[in-house]
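FYI, the numbering for the sequence shown is -20 to -1, 1 to 126, going by mature numbering (1 follows the signal peptide of the UniProt record, and there is no 0).
Don't be surprised by glycine CBs; every beta carbon is placed ideally from N, CA and C.
Only a predicted model underlies this, so the values are computations on that prediction, with no experimental measurement involved.
Before any comments, here is the structure.
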Amino acid sequence: MRSRTAAILLATGVAGAAQAAGLAALTDNYATAPAVVPGDYACVEFRGQHPSEFSGTSSRRFSTRFTIAGDGSYAYRGTHMIPGTWEIDPASGAIAWTSGPFAPDADGASVSGWAATRKSDGKPAIMLVYHLPKFGDSPEYCAPVG
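Structure representation (structure tokens):
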């Protein structure tokens, strides 16, 4: 699976500099993990070292919510559940989104992902970095919610 995931990352342009930028987003508080912990996740977007402030007109508390399963499927939780599939490279913790809303699209937008654990307590996390043409990268830290 590792070589297939690496091939997907290369083919979609998510390897190289983008992957390095995503790994840099892991900070000193998180470490990559060899596996994803299935469950419901909620994410907070960061600008620098602090969570971004959402508009006062928005009631959104989290920037992204999704459910990830151990069978290689996930569902983005917006107004509708939008399904997709993923694979992980256990050596690096890199997640390749092979279909669905996190998969690369025709305009060049993509999402890098890494399985991680919080160093302070060992709790699972998933790091996302949205790569948006003309806008740059937007990192998000995702934690299980229940």
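| query | result |
| --- | --- |
| According to the neighbour-count rule (16 or more other Cβ atoms, all chains shown, within 10 Å of its Cβ), is Phe82 buried or exposed? | buried |
| For a test of the three-state rule: what should DSSP assign to Ser72, helix, strand or coil? | coil |
| Ignore the nearest five residues each way along the sequence and tell me which others in Trp77's own chain have a CB closer than 7 Å to its CB. | Gly64, Trp66, Ala83, Val91 and Gly93 |
| Between Val125, Gly52 and Asp117, which lies nearest to Glu25 when the distance is taken from Cα to Cα? | Asp117 |
| Where does Ala13 fall in DSSP's three states? | coil |
| Ignore the nearest five residues each way along the sequence and tell me which others in Gly19's own chain have a CB closer than 6 Å to its CB. | Pro124 |
| Distance, Cα to Cα, residue 127 vs Ala71? | Examination of residue 127 is not possible in this model, given that the chain is present from -20 through 126 alone. |
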